[in-house]
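Chemist: Dumping the structure here so I can ask a few things about it.
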Amino acid sequence: MANYKSVFDIIGPIMIGPSSSHTAGAVAIGRAANKVFNGLPQKIVVHYYESFAQTHKGHGTDYAIISGILGFAPDDSRVPNAIKIAESKEIKIKFIEETVDSPINHPNTAIIELENTDKQIKLAGCSIGGGTIEIREIQLDGFSIKPKGPLPIVLVKGQSSDNEIAEKSLKKLAQIYQTNKYGTSDQQQIFEYDLSRRLRSNDIAELSDKLPELIYL
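In this text, residue positions in the sequence shown follow full-length UniProt numbering: the first is 1, and each later residue adds one.
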C-alpha cells in the first residue's frame with residue numbers, strides 16, 4: 001500500500017479499457033513521454049518487456065501508449081484509434097517485444113524513444129497497478145535522470161537561479177523528498193524534484209510562468 005496515495009489508485013481511473021495496468025497505466029507512461037518531449041515526434045519506438053511484451057496486443061497497450069504520447073487522457077474516446085490518428089500525422093511507429101528481463105526491474109515495463117529532426121528523448125516507465133505508474137529513468141539533453149519512484153516529479157531546465165526559484169516555490173506547495181542536479185554551472189543544467197503530493201493545476205501554471213522550462217510529471 002505504500003506506493004498508493006488513495007483507494008482510487010488501487011481501483012484505477014476513469015478510462016477506456018480493458019485493463020487499468022495495461023491500458024490506463026500505458027496511457028500515463030505515454031503522457032509522461034509527451035510532457036518530456038514537449039510536442040509531437042516524427043518517430044516513436046516502444047520497447048516492451050516481460051508481461052507487457054507478452055500481452056500488449058490483447059490488452060490494448062499499443063494504442064494506449066500512443067494515445068498518451070499524443071496527449072490524450074485515459075477516458076478520451078479517441079484512445080482506441082490513437083495509432084491511426086498518429087499515422088495520419090505521418091508519425092512512424094515501431095513496437096519491439098524484448099525477450100530479456102526488464103532493465104528497470106518490473107514486469108509491466110515500456111521504454112519509449114521519441115525523436116524528430118532536432119531532439120530525442122528516452123523514457124522508461126512501469127505500470128504498478130490501478131493506473132499508477134513509476135518513471136524510473138529519463139534520458140534528456142544528454143543526461144540520465146533516475147527519479148525516486150511513484151512520486152510527482154518536477155524537472156526544471158536552467159541555471160542555479162532557476163533552481164533557487166523552483167525550490168523556494170515548491171517548498172510552499174509540497175514536501176521535496178529528493179533533489180538532484182544534472183550538469184555543471186558552465187552549461188544548461190536539469191534540476192529534479194521528487195514531491196510528496198500532486199500539485200493543483202493553478203499551482204503548475206504559476207510555476208510555469210516563473211520557469212518556462214518546467215516539466216511536471
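Just so you know, even glycine gets a beta-carbon here, dropped at the ideal spot from N, CA and C.
What are the boundary residues of the alpha helix (DSSP H) that Val-27 is part of?
Modeler: Taking the first residue of the sequence shown as 1, we reach residue 27 at position 27. Segment 25-37, the alpha helix (DSSP H) holding Val-27.
Chemist: Could you tell me which uninterrupted beta strand (DSSP E) segments, each at least 3 residues in length, are contained entirely in the segment 85-109, listed from first to last along the chain?
Modeler: 92-97
Chemist: Where does Ile-14 sit, in a helix, a strand or coil, going by DSSP?
Modeler: Locating residue 14 in the sequence shown gives position 14, counting from the first residue. For Ile-14, the predicted structure reports a pLDDT of 44, less than 50, and the residue's modelled location is therefore unreliable. A value from the coordinates is still provided. If DSSP states are grouped into helix, strand and coil, Ile-14 belongs with coil.
Chemist: For the alpha helix (DSSP H) holding Asp-75, just list the boundary residues, first then last.
Modeler: As a working mapping, residue 75 is identified with position 75 in the sequence shown. Per DSSP, Asp-75 belongs to no alpha helix (DSSP H) and is neither H nor E.
Chemist: Which residue comes first and which comes last in the alpha helix (DSSP H) that contains Leu-151?
Modeler: Position 151 of the sequence shown, counting from 1, holds the residue named residue 151. That residue, Leu-151, is in no alpha helix (DSSP H); it is neither H nor E in DSSP.
Chemist: Whole angstroms is fine: what's the gap from Thr-99's alpha carbon to Lys-157's?
Modeler: For the purposes of this step, residue 99 is identified with residue 99 of the sequence shown, where counting begins at 1. For the purposes of this step, residue 157 is identified with residue 157 of the sequence shown, where counting begins at 1. Our two residues, Thr-99 and Lys-157, have alpha carbons roughly 35 Å apart in a direct line.
Chemist: Kindly confirm or deny that the segment 23-43 and the segment 120-129 touch, where touching means at least three C-beta pairs closer than 8 Å.
Modeler: yes
Chemist: Assuming contact is defined by CB atoms lying nearer than 8 Å, are Gln-42 and Thr-117 in contact in what I supplied?
Modeler: As a working note, residue 42 is residue 42 in the sequence shown. As a working note, residue 117 is residue 117 in the sequence shown. Their beta carbons are under 8 Å apart, which means Gln-42 touches Thr-117 by this criterion.
Chemist: For the alpha helix (DSSP H) holding Ala-205, just list the boundary residues, first then last.
Modeler: Mapped onto the sequence shown, residue 205 falls at position 205. Start and end: 201-210.
Chemist: DSSP three-state call for Asp-9: helix, strand or coil?
Modeler: One-based indexing of the sequence shown puts residue 9 at position 9. Reliability fails at Asp-9, whose pLDDT of 45 lies under 50, so the model's placement of it is uncertain and no value is given.
Chemist: Please list, in chain order, all residues of the same chain as Ala-53 whose beta carbon is under 7 Å from its beta carbon, the five residues on each side excluded.
Modeler: One-based indexing of the sequence shown puts residue 53 at position 53. The answer, listed in chain order, is Glu-97, Glu-98.
Chemist: Ends of the alpha helix (DSSP H) at Lys-168?
Modeler: Taking the sequence shown and counting its residues from 1, one reaches residue 168 at position 168. Counting along the chain, the alpha helix (DSSP H) containing Lys-168 begins and ends at 160-171.
Chemist: Below 8 Å CB to CB, which residues in the same chain sit around Asp-62 once its five sequence neighbours on both sides are set aside?
Modeler: Residue 62 sits at position 62 when you count from the first residue of the sequence shown. These residues qualify, in order along the chain: Val-46, His-56, Ile-83, Phe-95.
Chemist: Kindly indicate if chain C contains any beta-carbon less than 8 Å away from that of Gly-71.
Modeler: Included in the structure is just one protein chain, with no chain C present.
Chemist: Where Asp-9 and Thr-132 are concerned, what is the direct C-alpha to C-alpha distance, given to the nearest angstrom?
Modeler: By 1-based counting over the sequence shown, the position of residue 9 is 9. By 1-based counting over the sequence shown, the position of residue 132 is 132. Caution applies to Asp-9, whose pLDDT of 45 falls short of 50 and renders its modelled position unreliable; the value that the coordinates give is listed next. Asp-9 and Thr-132: Cα-Cα distance of roughly 6 Å.
Chemist: Pick out whichever of Lys-89, Lys-122, Glu-90, Glu-134 has its Cα sitting closest to the Cα of Asn-108.
Modeler: Along the sequence shown, one-based indexing puts residue 108 at 108. Taking only the C-alpha atoms, the option nearest Asn-108 is Glu-134.
Chemist: In whole angstroms, what is the alpha-carbon distance linking Leu-217 and Pro-152?
Modeler: Taking the sequence shown and counting its residues from 1, the one referred to as residue 217 is at position 217. Taking the sequence shown and counting its residues from 1, the one referred to as residue 152 is at position 152. Distance between the alpha carbons of Leu-217 and Pro-152 is about 6 Å.
Chemist: I need the straight-line Cα distance from Asp-209 to Asp-162, nearest angstrom please.
Modeler: On the sequence shown, position 209 is the one that residue 209 refers to. On the sequence shown, position 162 is the one that residue 162 refers to. In a straight line, the C-alpha of Asp-209 is about 12 Å away from that of Asp-162.
Chemist: Does DSSP put Thr-132 in a helix, a strand or coil?
Modeler: The count along the sequence shown starts at 1 and reaches residue 132 at position 132. Thr-132 falls in the strand class under three-state DSSP.
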